[in-house]
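The sequence shown begins at 1 in UniProt numbering and counts up one residue at a time. Beta carbons are placed, not taken as given, at the ideal position from N, Cα and C, and that holds for glycine.
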Amino acid sequence: MNLIDSVFSKISEYLQTILGDGPLSKLISEGLIPGIGGIIIFIPQISILFLFLTLMEESGYMSRVVYLMDRWMKPAGLSGKSVVPLISGVACAIPAVLAARNIENSKERLLTILVTPFMTCSARLPVYAIIISIVIPRGEWWLFNYQGNYGPNDFNKSDTSKTTLENSFLGIFGHFIEPTIKPLGYDWKIGIGLISSFAAREVFVPTMATIYNIQNTDNQHSLISKMKNEKNFNTQTPTFTFASGISLLLFYAFAMQCLSTLAVVKKETNSWKWPLFQYSENHYKDKIEGKTKIGVFVNDNIDEITNKIKEYNLNGIQLHGDENPEFCKYFKNNNILTIKAFGIDKDFDFDELKLFE
Numbered sequence: 001m002n003l004i005d006s007v008f009s010k011i012s013e014y015l016q017t018i019l020g021d022g023p024l025s026k027l028i029s030e031g032l033i034p035g036i037g038g039i040i041i042f043i044p045q046i047s048i049l050f051l052f053l054t055l056m057e058e059s060g061y062m063s064r065v066v067y068l069m070d071r072w073m074k075p076a077g078l079s080g081k082s083v084v085p086l087i088s089g090v091a092c093a094i095p096a097v098l099a100a101r102n103i104e105n106s107k108e109r110l111l112t113i114l115v116t117p118f119m120t121c122s123a124r125l126p127v128y129a130i131i132i133s134i135v136i137p138r139g140e141w142w143l144f145n146y147q148g149n150y151g152p153n154d155f156n157k158s159d160t161s162k163t164t165l166e167n168s169f170l171g172i173f174g175h176f177i178e179p180t181i182k183p184l185g186y187d188w189k190i191g192i193g194l195i196s197s198f199a200a201r202e203v204f205v206p207t208m209a210t211i212y213n214i215q216n217t218d219n220q221h222s223l224i225s226k227m228k229n230e231k232n233f234n235t236q237t238p239t240f241t242f243a244s245g246i247s248l249l250l251f252y253a254f255a256m257q258c259l260s261t262l263a264v265v266k267k268e269t270n271s272w273k274w275p276l277f278q279y280s281e282n283h284y285k286d287k288i289e290g291k292t293k294i295g296v297f298v299n300d301n302i303d304e305i306t307n308k309i310k311e312y313n314l315n316g317i318q319l320h321g322d323e324n325p326e327f328c329k330y331f332k333n334n335n336i337l338t339i340k341a342f343g344i345d346k347d348f349d350f351d352e353l354k355l356f357e
């Protein structure tokens, strides 16, 4: 895959050198050639998948696996033959959906196609890694800088790039869709990342790197640092909070399907009905889940906490320090989710109450 990607990158660079600057050059070198490459890049893994499927079928191993797993898959409305597409979906949903052709029963085949994108494909892992690094702290660190070694200063360049991006077509479109994604705790920059990752899920990371002006997309430490320090323009609170991070993880786990997956599902079902149902149903469910309210309380007075729960209509709270049995019993009886905080063991004042929506 890397070889194919590098070949098409060199072709794009060569054509750009020959054609020079201009709309036609950009259309061919940045649009047409990468688009063809994005399709051809899946051919090797699809070929390898069907090669091994054929070998397992001929050896009799596939029949044994289907027989062993059939009783476990029946309660979900699937058959033992659904195991192979579901396992393949961990790598990529496209060859996994194609692998469902081996299922003779049309109903089981359709169910397998519909649930396969829920498997965590490898393209989502970079997104999970970057979001988890931002919203879940590892612990407290002491940062020390040697006298005179301050490193490069890119703040002015970042401000200039931010102004340019905001006035671009992409920035205008990001602001246009912001009211739709605002209830989930996202801003227009995250919206741009979500839209671009519709082409491929892993594109979210380089898109955010472009937005935050990180020249080298492999330099994740700089990207994480800038995303952690990002402030919401309206509230001046951190954009990436625990709640918004969990919401993003839910979005990519349950709702985000790439364009290629939709195209393959359409081809395999011979209708737009099922891919559109699959896409819209998952996004609606994720939007409901993403609006869950979580509160972080830093007080030991259960009466004050109870009042705040009612005032903000919270679905869950985060506890700091040692768990109080009285608190846990009360929250359990009232169906309130409790989340244990990471690495925090100190007393706080009630004024430091933090709420996330």
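By the beta-carbon neighbour count (other beta carbons within 10 angstroms, threshold 16), residue 176 is exposed. Between the stretch 202–211 and the stretch 119–134, the count of Cβ pairs shorter than 8 Å is three or higher; the stretches touch.
Per DSSP, residue 74 has no beta bridge partner at all. When DSSP assignments are scanned along the UniProt domain "Nucleoside transporter/FeoB GTPase Gate" (40–133), the uninterrupted stretches of alpha helix (DSSP H) that are 4 or more residues long and fall wholly within it turn out to be 43–59, 61–73, 83–88, 93–99, 106–115.
A straight line joining the alpha-carbon of residue 273 with that of residue 225 spans about 42 Å.
A direct Cα-to-Cα measurement between residue 10 and residue 170 gives close to 26 Å. Contact check for residue 209 and residue 258: beta-carbon distance about 19 Å, past the 8 Å limit, so the pair fails to qualify. Ranked by how close their Cα comes to the Cα of residue 79, the residues 107, 198, 120, 279 have 107 in first place. The C-alpha of residue 53 lies about 10 Å from the C-alpha of residue 47. Around residue 5, the same chain offers 37, 41 as residues with beta carbons nearer than 7 Å, after the five sequence neighbours per side are excluded. Counting only residues of its own chain and dropping the five nearest sequence neighbours on each side, residue 249 has a CB closer than 7 Å to the CB of 128, 131. For residue 190, the enclosing alpha helix (DSSP H) starts and ends at 188–196. With a 10 Å radius around the Cβ and a threshold of 16 neighbouring Cβ atoms, residue 63 comes out exposed. Note that the stretch 94–110 does not touch the stretch 177–194; fewer than 3 beta-carbon pairs, one per stretch, sit closer than 8 Å.
For residue 280, the closest of 255, 268, 270, 85 by C-alpha to C-alpha distance is 255. Between the alpha carbons of residue 73 and residue 276 lies a distance of about 26 Å. Straight across, the Cα-Cα distance linking residue 268 with residue 24 is about 35 Å. By the C-beta density criterion, residue 67 is exposed, having fewer than 16 other C-beta atoms within 10 angstroms. At least 8 Å separates the beta-carbon of residue 135 from that of residue 251. Three or more Cβ pairs closer than 8 Å define a contact, and the stretch 88–97 meets that threshold against the stretch 115–124. Sorting 12, 49, 253, 229 by C-alpha distance to the C-alpha of residue 194 places 253 at the top. The C-beta separation of residue 264 from residue 98 comes to about 7 Å, placing the pair in contact by the 8 Å criterion.
Excluding five sequence positions before and after residue 278, the CB atoms of its chain that fall closer than 6 Å to its own CB belong to 114, given in chain order. Taking each of 96, 190, 179 in turn and checking the Cα distance to residue 212, the smallest one comes out for 190. In terms of Cβ geometry, residue 12 and residue 44 do not form a close pair [threshold 8 Å]. Taking residue 266 as reference, the option from 94, 85, 3, 49 with the minimal CA-CA separation is 94.
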